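J.:
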Amino acid sequence: MRSLWTLTVFLGGLWIASLLYGELLAFWIPRWSCSWPNLEQAFAQRPLRIVLIADPQLTDRTSYGMDPRSLLLKIIQFYSDIYMRRAFRSSVLGLEPDEILFLGDYFDGGPYLADDEWEESWKRFEHIFDQTQRGLKSRKKIPTYYLCGNHDLGYHEVFSQKPQIAQRYQKKFGETDFIHNIGSLDFVFVNSQALDGTPMLFMVDFCFDFFYSTDRAARPMVLMTHIPLFRPDNTPCGSDRASDVINQMFLHSDCNSTHLLFHRYQNYLTDGTSQKLLNLTKPVMVFSGHDHDQCKIVHATPEGFYPEYTVGTFSWQQGNIYPSFMMLSVPRSSSAMTDTIISESLCFLPAQDFNYAWYGVLFVISVLALFFWPSQGIDLWQSFRSLYDALKAGSEGVKAKDEDAEWEMLWDAEGGMHLVKKSLPQTSVSSSQGSERRGNVIQRATAKSKASTVPDEVTDTDTSSNLSPSSRNRFRRRLVQMVGPLTVLATVNFSLYMMLVMKDWT
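Going by the UniProt record's numbering, the first residue of the sequence shown is number 1, and it counts up by one from there.
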C-alpha cells in the first residue's frame with residue numbers, strides 16, 4: 001500500500017505540471033516566442049506595433065442549434081471564452097501593442113440574435129477582451145478599431161432590410177466603412193459584405209462614397225476587408241495553413257416575394273469587385289479574415305503586385321486547431337519610411353485540443369497505473385541494473401568469442417587487405433566427456449531444483465489452510481485501495497484547476 005501512495009505522489013506531480021502548463025504557461029509562451037517584425041533599417045523612434053485579431057466568433061445558440069438555457073451550451077461558451085480571454089490578456093497584451101485592429105465576426109449569430117441576446121454577447125465580448133489590470137499597476141487603454149464581418153451584419157439583403165442590425169452594431173463597434181491613419185499609413189476599413197449585393201436591391205457604389213468624399217493626405221494605404229479578395233481555385237496559401245484550401249462558393253436563396261436571388265454566403269469577393277478595390281486603393285498590403293485559417297497570396301494586376309494575408313481565427317472552437325493573430329510594424333512618420341513600409345509576422349496561440357487530449361490520456365494512465373501497480377512496488381533501479389548487466393554480459397560474450405577466433409588476411413583485386421574470421425572445424429567431443437558434462441549440468445540443476453523445492457513445499461503448506469481470494473474479491477479489494485489515491489489526486493488537481501480558472505476569469 002505504501003508503494004501505491006508513492007505512485008500517487010508521482011502522478012500528482014505529473015498532473016500539477018500538466019495543469020500549470022496547459023492553463024497558465026502555454027499562454028505565456030507566445031509573448032516569449034513571438035517577436036515584433038523588423039523594418040529594413042532602425043529608426044530614431046521604434047515603429048508602431050499593431051495586432052490584428054480575426055474571427056473570435058463567440059459561440060451562441062445559433063452555433064449548434066441548442067437551447068440558450070442548455071447547460072452544455074453554457075459549458076461550451078465558458079471554455080471558448082476563457083481560452084480567448086487568456087490568449088488576449090497573457091499573449092496579446094503581454095506583447096504591448098500600440099493599437100489593436102479586429103477583422104470582423106465577433107458573434108456567431110450576430111444578425112439573428114434578439115436585442116437582449118445581442119447585449120449578452122456584447123458583455124461576453126467586453127469581458128474576453130478586457131484591458132483593465134488589477135493591482136497597483138495601471139495599464140493605459142490600447143486604441144482598438146473594428147471591421148465588420150458577415151456574422152456581425154449579415155450580407156446585403158439582411159442589413160439593408162433590417163437597419164436596426166446596423167444601428168446596434170455601430171453603437172458598440174463604430175462605423176462600418178472608414179479610414180484610420182496609423183503612423184505613415186492609412187488603413188481602409190471596407191464593409192465587404194455589401195460589395196457584391198444585388199444592384200436592384202442595394203447600390204454597391206454607395207459603399208465607396210466614404211472613400212471618394214474623404215479628405216486625406218496622399219499616404220500609402222492598407223486594405224482591410226473581412227471577406228478575402230478573389231483568387232483562382234486551388235491557389236496555394238503557403239506553409240502556415242493547417243487545412244485544405246477553400247475554393248470560391250456562392251450560395252443563394254430565392255426570395256418568393258420578388259423572385260430575386262439573394263446570396264447568403266461567399267468565400268471570396270468576386271473578381272470584378274476585387275479588381276475595383278485594388279485599383280481604387282492600390283494597397284501596399286491587404287488583410288482579411290473570414291476563412292478561419294492562415295493564407296498568404298499575391299494578387300498580380302497590370303498596375304502591380306498586391307500581397308494579401310488572411311489571418312486565422314482567434315478561437316480554438318472555429319475549426320482551426322492552431323489559432324493565431326498577426327503582428328505588424330509600421331513607421332511612425334513618412335520621413336522614416338523605407339522601401340519596406342510595413343512588416344508582418346504571425347504568432348500562434350496554444351493548440352487547446354492537444355491540451356485537453358493530454359488531460360484525457362493522463363486520466364486513463366492514472367487510473368490504469370493505480371489499478372495494476374504491484375502491491376510490493378517496482379524497484380526501478382534494480383530493473384535498470386539487471387538490464388544493464390544483461391546487455392554488458394552479452395557484449396562481453398561476443399567480444400570473447402571474437403578474441404578466441406582465428407583470422408586470416410585476404411587481398412582484393414585492388415590490393416586492399418581485409419581481415420576475415422576463419423571458420424574453425426567442429427571438434428567432436430567424446431561421449432564420456434559429453435556425458436560427464438551433461439551429467440554435471442543435470443546434477444547441478446537437479447541439486448538446485450531440490451534445494452528450491454524445500455521452501456516451496458513450506459509455502460504451500462502455510463497457504464493450504466487459507467482459501468485464496470477469488471478474482472472478483474481481488475478486483476473489489478483493488479478498487480477499494482484506489483479510492484484513497486484517486487480522492488487525493490482529484491482534490492488536489494481540482495483545487496489547483498479552479499484556482500487557475502478563477503484567476504483568469506475574474
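Think of the CB as a built atom: it goes at the ideal place given N, C-alpha and C, for glycine as much as any other residue. Just so you know, these numbers come straight off a predicted model, no measurement behind them.
1. Nearest to P228 by CA position, among V190, F78, H290 and L280, is which residue?
2. Quick one: using the 10 Å Cβ neighbour count with 16 as the cut-off for buried, is F27 buried or exposed?
3. Per DSSP, Q266 is paired with what?
4. Where DSSP assigns a beta bridge to G304, which residues make up the other side?
5. Pick helix, strand or coil for N38, following the three-state DSSP scheme.
6. In or out: I165 buried (at least 16 other Cβ within 10 Å) or exposed?
7. By how many angstroms is the C-alpha of L349 removed from the C-alpha of residue 547?
8. Going by C-alpha distance, which of A390, A242 and Q57 is nearest I128?
9. Per DSSP, what kind of secondary structure is A357 in: helix, strand or coil?
10. List the whole-angstrom C-beta distance separating I142 from P97, where the pair is believed to meet the contact cut-off of C-beta under 8 Å.
11. How far does the beta strand (DSSP E) with F230 in it extend, from its first residue to its last?
12. Any C-beta of chain C sitting closer than 8 Å to the C-beta of V330?
13. What are the residues that DSSP puts in a beta bridge with V51?
14. Secondary structure at S470, three-state DSSP: helix, strand or coil?
15. Identify every residue that forms a DSSP beta bridge with F107.
16. Does DSSP put M224 in a helix, in a strand, or in coil?
17. Going by C-alpha distance, which of G149, F230, P283 and Q481 is nearest V367?
18. What three-state label does DSSP hand T6 in the structure shown?
19. At which residues does the alpha helix (DSSP H) containing Y112 begin and terminate?
20. Taking 8 Å as the cut-off, decide whether the C-beta atoms of D60 and E119 are in contact.
21. Out of curiosity, what's the CA-to-CA distance linking T225 and A87?
22. Have a look at C295, F305 and D196 and flag the residue whose alpha-carbon is nearest the alpha-carbon of V284.
23. Three-state secondary structure (DSSP) at residue 513?
24. Which residue marks the beginning of the beta strand (DSSP E) containing S91, and which one marks its end?
25. By Cβ distance, which residues of its chain are closer than 8 Å to F354, with the 5 residues on each side in sequence left out?
26. Helix, strand or coil: which one does DSSP assign to K450?
27. Just to confirm, is the Cβ distance from Y359 to S18 under 8 Å?
28. With DSSP as the reference, identify every bridge partner of E344, one or two as the case may be.
T.: Well, looking at it:
1. Indexing the sequence shown from 1 puts residue 228 at position 228. Per the Cα distances, H290.
2. In the sequence shown, the residue the question calls residue 27 occupies position 27. Classification of F27: buried, given that the 10 Å Cβ count is 16 or more.
3. In the sequence shown, counting from the first residue as 1, residue 266 sits at position 266. Note: Q266 sits in a beta bridge opposite F250.
4. Here residue 304 is taken as the residue at index 304 of the sequence shown, counted from 1. DSSP, once it has assigned bridges, lists T301 as partnering G304.
5. Your numbering for residue 38 matches position 38 in the sequence shown. Of the three classes helix, strand and coil, the one that applies to N38 here is coil, per DSSP.
6. Counting from 1 along the sequence shown, the entry for residue 165 is found at position 165. Buried, because 16 or more other Cβ atoms sit within 10 Å of the Cβ of I165.
7. Residue 547 is absent from the structure shown; the chain starts at 1 and stops at 506.
8. If you number the sequence shown from 1, residue 128 lands on position 128. Considering only alpha carbons, the answer is Q57.
9. Within the sequence shown, the letter at position 357 stands for residue 357. Here A357 sits in helix by DSSP.
10. The count along the sequence shown starts at 1 and reaches residue 142 at position 142. The count along the sequence shown starts at 1 and reaches residue 97 at position 97. 6 Å between Cβ atoms; contact.
11. Mapped onto the sequence shown, residue 230 falls at position 230. No beta strand (DSSP E) holds F230; DSSP gives it neither H nor E.
12. The displayed structure is made up of one protein chain only, and chain C is not part of it.
13. Taking the sequence shown and counting its residues from 1, one reaches residue 51 at position 51. I100 and M327.
14. Looking up residue 470 in the sequence shown gives position 470. In the structure shown, S470 sits in coil (DSSP, three-state: anything other than H, G, I, E or B).
15. The sequence position of residue 107 within the sequence shown is 107, counting from 1. L58.
16. Counted from its first residue, the sequence shown places residue 224 at position 224. If DSSP states are grouped into helix, strand and coil, M224 belongs with the strands.
17. Within the sequence shown, residue 367 is the residue found at index 367, counting from 1. Ranking the options by Cα distance to V367, first place goes to Q481.
18. Stepping through the sequence shown from its first residue, residue 6 is reached at position 6. Here T6 sits in helix by DSSP.
19. The sequence position of residue 112 within the sequence shown is 112, counting from 1. Taken as a continuous stretch (DSSP letters only), Y112 belongs to no alpha helix (DSSP H), as it is neither H nor E.
20. Looking up residue 60 in the sequence shown gives position 60. Looking up residue 119 in the sequence shown gives position 119. Going by C-beta atoms, D60 is not nearer than 8 Å to E119.
21. Against the sequence shown, residue 225 aligns to sequence position 225. Against the sequence shown, residue 87 aligns to sequence position 87. Roughly 24 Å between the two C-alpha positions.
22. Start at 1 with the first residue of the sequence shown, and residue 284 comes out as number 284. With distances taken between Cα atoms, V284 lies closest to F305.
23. No statement about residue 513 is possible, as the shown extent of the chain runs from 1 to 506 and does not include it.
24. Here residue 91 refers to the residue found at position 91 when the sequence shown is read from its first residue. Where S91 is concerned, there is no enclosing beta strand (DSSP E), given that its DSSP letter is neither H nor E.
25. Along the sequence shown, one-based indexing puts residue 354 at 354. For F354, where only same-chain residues beyond five positions count, the Cβ hits under 8 Å are I321.
26. Along the sequence shown, read from residue 1 onward, the residue named residue 450 stands at position 450. Interpretation of K450 is limited by its pLDDT of 48, a score under 50 that renders its predicted location unreliable; the figure taken from the coordinates is listed afterwards. It is helical.
27. Mapped onto the sequence shown, residue 359 falls at position 359. Mapped onto the sequence shown, residue 18 falls at position 18. Closer than 8 Å, so yes.
28. If you number the sequence shown from 1, residue 344 lands on position 344. E344 is bridged to L328.
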